[in-house]
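Asks: Handing you this structure, nothing more for now.
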Amino acid sequence: MARPLLDTQVRDLTGKGPARRLRAQGRVPAILYGPKRNPLMLAIEAKQLEKLLSQGGSDQILVDLNLSAAGEEGVHPAMLKELQMDHIKDSIVHADFYEISLDEEIEIEISVRLVNTPVGAKSGGVLEHVKREIVVSCLPDKAVSSIELDVSGLDLGQSLHIRDIVLPEGITALEEGDITVAVVAAPHMAEPVKAAEGEEAEAAEAGEVKEEQS
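FYI, numbering that gives the first Met the number 0 numbers position 34 of the sequence shown as 33, with every residue one higher than the one before it.
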């Protein structure tokens with residue numbers, strides 16, 4: 000999966016005042032950290048991050064950060080770990096990036112998309128998407144944002160589990176294989192029955208009242 004390139008500038012001042020001034024200039028305060036580096040304070044054009052978000056997702060996005068800091072010039076692969084939003088203004092407040100190594104596996108969550116219509120739907124079954132993301136391990140260059148799971152063969156009462164997902168080469172699921180991802184549930188008949196019983200009870204009570212009045 001190709002990583003978007005984000006241009007950055009080093010920022011020396013921290014705190015609420017400098018951060019507000021950055022945002023007024025159309026830039027977002029950010030930080031880059033990791034196990035093999037000291038934290039580096041950055042500023043990124045808000046438009047770059049907005050474009051990144053428009054492509055889907057809000058965290059665990061893999062990117063290349065173009066650094067201009069002395070001694071660290073060049074491209075550094077990183078993962079967007081956290082994005083703070085101002086939901087009233089619908090704007091980005093702060094971004095946290097975690098530097099990664101292309102030679103070391105990372106743990107990420109990927110979305111599971113259900114495709115096709117289950118055969119059980121013809122019998123009135125309801126497809127339930129129980130688990131929408133799974134945790135996997137892979138090298139950064141093998142990472143994907145989502146995978147598809149074909150549910151066309153599912154009949155009433157049948158389910159698919161993590162072990163049934165065919166993952167791309169180089170990607171390993173880190174969760175138990177027997178965890179349910181999707182199931183075709185039978186139509187719920189309990190509630191209508193209860194409603195009918197309630198109506199019968201009301202009718203019986205009404206009959207008793209009439210007898211008492213007569």
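Positions of the beta carbon are idealized from the N, C-alpha and C atoms, including for glycine. What you are looking at is a predicted structure, and each value in this text was computed from that prediction instead of being measured.
Assign R10 to one of three DSSP states: helix, strand, or coil.
Replies: In the sequence shown, the residue the question calls residue 10 occupies position 11. Three-state DSSP puts R10 in coil, outside helix and strand.
Asks: From D6 to C137, what distance separates their C-alpha atoms?
Replies: Residue numbering aside, residue 6 sits at position 7 when the sequence shown is read from its first letter. Residue numbering aside, residue 137 sits at position 138 when the sequence shown is read from its first letter. Those two C-alpha atoms are separated by around 26 Å.
Asks: Taking the CB atoms as reference points, tell me whether A23 and L41 lie closer together than 7 Å.
Replies: Translated into positions along the sequence shown, residue 23 becomes position 24. Translated into positions along the sequence shown, residue 41 becomes position 42. Taking 7 Å as the Cβ cut-off, A23 and L41 do not qualify as a contacting pair.
Asks: What residue from P3, V62 and A181 has the CA that sits closest to G119's CA?
Replies: Stepping through the sequence shown from its first residue, residue 119 is reached at position 120. Checked all of P3, V62 and A181; the closest Cα to G119 is A181.
Asks: Quick check on G16: does DSSP put it in helix, strand or coil?
Replies: The residue given as residue 16 occupies position 17 in the sequence shown. If DSSP states are grouped into helix, strand and coil, G16 belongs with the helices.
Asks: Confirm, please, whether the CB-CB distance from V150 to L101 is below 7 Å.
Replies: In the sequence shown, residue 101 corresponds to position 102, counting from 1. In the sequence shown, residue 150 corresponds to position 151, counting from 1. Against a cut-off of 7 Å, the Cβ pair of V150 and L101 comes out as no contact.
Asks: Where does H86 land, buried or exposed, given buried means 16+ other C-beta within 10 angstroms?
Replies: Within the sequence shown, residue 86 is the residue found at index 87, counting from 1. It is exposed - the Cβ of H86 has fewer than 16 other Cβ atoms within 10 Å.
Asks: Judging by CA-CA distance, which residue of I178, P139 and V74 is the nearest neighbour of I60?
Replies: Stepping through the sequence shown from its first residue, residue 60 is reached at position 61. Minimum Cα distance to I60 is reached at P139.
Asks: Closer than 8 Å by C-beta to H160: which residues in its own chain qualify, once you throw out the five before and the five after it? Chain order, please.
Replies: Within the sequence shown, numbered from 1, the residue matching residue 160 stands at position 161. G176, D177, I178, T179 and V180.
Asks: Could you check where the beta strand (DSSP E) with S90 kicks off and where it finishes?
Replies: The count along the sequence shown starts at 1 and reaches residue 90 at position 91. S90 to E98 is the span of the beta strand (DSSP E), which, as asked, contains S90.
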